[in-house]
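Count along the first sequence from 1, add 12, and you get the number used in this note's numbering. For reference, the structure is listed below as structure tokens.
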Amino acid sequence: MTTKSLPSSDYRKRLREIAKTLQHTMPSPKMELDHRSPWELLVATILSAQCTDQRVNQVTPSLFQHYRRPAELAAAHLPELEQRIRSTGFFKNKAKHLVACAKAVTEHFSEQVPHTMEELISLPGVGRKTANVILGTAFSQPSIVVDTHVKRVAKRLGLTRSDNPDLVEQDLQQLLPKSQWTAVSQRLLLHGRYVCLARKPQCATCSVYRHCPWKEKGLQ
DNA sequence: ATCCCGAGGG
DNA sequence: CCCTCTGGAT
Numbered sequence: 013m014t015t016k017s018l019p020s021s022d023y024r025k026r027l028r029e030i031a032k033t034l035q036h037t038m039p040s041p042k043m044e045l046d047h048r049s050p051w052e053l054l055v056a057t058i059l060s061a062q063c064t065d066q067r068v069n070q071v072t073p074s075l076f077q078h079y080r081r082p083a084e085l086a087a088a089h090l091p092e093l094e095q096r097i098r099s100t101g102f103f104k105n106k107a108k109h110l111v112a113c114a115k116a117v118t119e120h121f122s123e124q125v126p127h128t129m130e131e132l133i134s135l136p137g138v139g140r141k142t143a144n145v146i147l148g149t150a151f152s153q154p155s156i157v158v159d160t161h162v163k164r165v166a167k168r169l170g171l172t173r174s175d176n177p178d179l180v181e182q183d184l185q186q187l188l189p190k191s192q193w194t195a196v197s198q199r200l201l202l203h204g205r206y207v208c209l210a211r212k213p214q215c216a217t218c219s220v221y222r223h224c225p226w227k228e229k230g231l232q
């Protein structure tokens with residue numbers, strides 16, 4: 013199988029055109045997880061694994077009212093917490109992670125959400141994807157979030173060939189100046205959520221159709 | 001590689 | 001029924 017690749021400058025140019033088009037489609041992409049602080053965003057993001065933002069937003073208001081600070085969540089009664097977040101799926105894992113994470117934030121970081129990648133992924137239940145959400149949205153640091161949507165869109169647009177999220181992140185990092193990381197990855201995400209759907213991509217209304225080598229044909 | 005797990009769409 | 005939804009830990 014030959015893997016003849018274009019010079020990366022060509023990929024850069026293509027991604028730049030895609031980014032410009034998406035900028036018109038989505039002038040100001042917004043984070044769709046409701047939150048009022050870095051801590052609330054962290055909790056919401058942990059809950060969002062394999063679950064829609066809409067469902068998370070349905071659960072978090074009463075959750076944040078009941079557990080107001082990291083120290084309160086750290087002391088939560090596990091079965092009760094499980095019931096409060098049940099509808100987000102994976103609730104036993106998520107409840108365990110949330111309590112452990114709240115303990116770590118309380119004990120090691122004085123109830124303040126840390127703002128480096130290394131510290132963030134040291135927290136239970138926090139991987140690279142979650143950490144990048146926090147860095148980009150709560151702390152305005154350049155970050156590329158590679159979730160299921162970004163991975164799918166990047167592959168279909170021919171911006172990466174990898175299935176490994178970390179490698180997809182690296183590929184996109186190399187194709188973009190840091191100043192554009194956060195906004196572009198957020199637009200790719202929303203494009204995946206609303207247009208480039210997993211099962212039924214809306215190619216007829218897709219604004220970057222002309223840049224897409226995949227169109228509706230290919231395999232992933 | 002496998003497990004966790006509910007809800008909604010097709 | 002099957003697939004998908006902002007993954008992470010073992």
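Backbone N, C-alpha and C fix where the C-beta goes; we use that ideal spot for every residue, glycine too.
Would you be able to state if there are at least three C-beta pairs under 8 Å between the region 207 to 221 and the region 189 to 197?
no
List the endpoints of the continuous alpha helix (DSSP H) containing CYS113.
Working through the first sequence from its first residue, we reach residue 113 at position 101. Run containing CYS113: 103 to 121, per the alpha helix (DSSP H) assignment.
Starting from ASP178 and walking both ways along the alpha helix (DSSP H), at which residues does that stretch end?
Residue 178 sits at position 166 when you count from the first residue of the first sequence. Per DSSP, ASP178 belongs to the alpha helix (DSSP H) from 177 to 187.
Alpha carbon of PRO136 to alpha carbon of LYS115, nearest angstrom
For the purposes of this step, residue 136 is taken as the residue at position 124 of the first sequence. For the purposes of this step, residue 115 is taken as the residue at position 103 of the first sequence. About 9 Å.
Tell me whether the beta-carbon of ASP65 lies closer than 8 Å to the beta-carbon of GLU44.
If you number the first sequence from 1, residue 65 lands on position 53. If you number the first sequence from 1, residue 44 lands on position 32. Result yes, Cβ atoms of ASP65 and GLU44 sit closer than 8 Å.
Per-residue DSSP class, three states only, for THR57
Indexing the first sequence from 1 puts residue 57 at position 45. In the structure shown, the three-state DSSP call for THR57 is helix.
Quick one: what's got a C-beta closer than 6 Å to ALA56's C-beta in the same chain, skipping five residues either side?
In the first sequence, counting from the first residue as 1, residue 56 sits at position 44. So the list reads LEU45, HIS47, VAL68, THR72, once near-sequence residues are dropped.
Spatial neighbours of ILE133 within its chain, please: CB distance less than 7 Å, with the 5 preceding and 5 following residues excluded, ordered by chain position.
Here residue 133 refers to the residue found at position 121 when the first sequence is read from its first residue. Result list for ILE133: GLY139, ARG140, ALA143, in chain order.
Could you spell out the range, first to last residue, of the alpha helix (DSSP H) harbouring ILE97?
Here residue 97 refers to the residue found at position 85 of the first sequence. That residue, ILE97, is in no alpha helix (DSSP H); it is neither H nor E in DSSP.
With C-beta atoms as the reference, is ILE97 less than 8 Å away from LEU75?
For the purposes of this step, residue 97 is taken as residue 85 along the first sequence, with counting starting at 1. For the purposes of this step, residue 75 is taken as residue 63 along the first sequence, with counting starting at 1. In this structure, LEU75 lies closer than 8 Å to ILE97 by Cβ.
Reference LEU85, options ALA61, VAL117, VAL196, closest by Cα:
Locating residue 85 in the first sequence gives position 73, counting from the first residue. Looking at the Cα atoms, VAL117 is the closest of the given residues.
Which residues in the same chain as PHE151 place their Cβ atom closer than 8 Å to its Cβ, once the five residues preceding and following it in sequence are excluded?
To locate residue 151, count along the first sequence from 1; it is residue 139. If we look at PHE151 and ignore the five residues flanking it on each side, its Cβ neighbours are PRO50, HIS127.
Measure the alpha-carbon distance for PHE102 versus GLU92 and round it to whole angstroms.
In the first sequence, the residue the question calls residue 102 occupies position 90. In the first sequence, the residue the question calls residue 92 occupies position 80. Using only the alpha carbons, I get a separation of about 15 Å.
Put GLN12 into one of helix, strand or coil per three-state DSSP.
As displayed, the chain neither begins before 13 nor continues past 232, which places residue 12 out of reach and without an answer.
Residues in the same chain with beta-carbon distance under 7 Å from ALA107, minus the five sequence neighbours each way, listed in chain order, please.
For the purposes of this step, residue 107 is taken as residue 95 along the first sequence, with counting starting at 1. Here the set comprises LEU90, LEU93, GLU94, ILE97.
Within 10 angstroms of the Cβ of ALA216, are there 16 or more other Cβ atoms? Answer buried if so, exposed if not.
As a working mapping, residue 216 is identified with position 204 in the first sequence. So ALA216 ends up on the exposed side.
Whose CA, out of HIS78, THR149, PRO41, HIS36, lies closest to the CA of CYS218?
Counting from 1 along the first sequence, the entry for residue 218 is found at position 206. Of HIS78, THR149, PRO41, HIS36, the residue nearest in Cα terms is HIS36.
Alpha helix (DSSP H) containing TRP193: first to last residue?
Locating residue 193 in the first sequence gives position 181, counting from the first residue. Its alpha helix (DSSP H) spans residues 190 to 206.
With respect to the alpha helix (DSSP H) encompassing ALA2, which residues constitute its N-terminal and C-terminal limits?
In the structure as shown, the chain begins at 13 and stops at 232. Residue 2 is therefore absent and cannot be evaluated.
Going by CA-CA distance only, name the one from GLN153, GLU181, GLN77 that's closest to VAL162.
The residue given as residue 162 occupies position 150 in the first sequence. Ranking GLN153, GLU181, GLN77 by Cα distance to VAL162 puts GLU181 first.
Considering TYR23, what are the terminal residues of the alpha helix (DSSP H) in which it resides?
Within the first sequence, numbered from 1, the residue matching residue 23 stands at position 11. TYR23 -> alpha helix (DSSP H) spans 20 to 37.
Pull up the CB-CB distance for LEU187 and LEU54, whole angstroms please, since I reckon it's below 8 Å.
As a position in the first sequence, residue 187 is number 175, starting the count at 1. As a position in the first sequence, residue 54 is number 42, starting the count at 1. In fact, because the Cβ distance is near 28 Å, the residues do not count as touching under 8 Å.
Buried or exposed by the 16-neighbour rule on C-beta atoms within 10 Å, applied to ARG173
On the first sequence, residue 173 is found 161 positions in, with the first residue counted as 1. Exposed, because fewer than 16 other Cβ atoms sit within 10 Å of the Cβ of ARG173.
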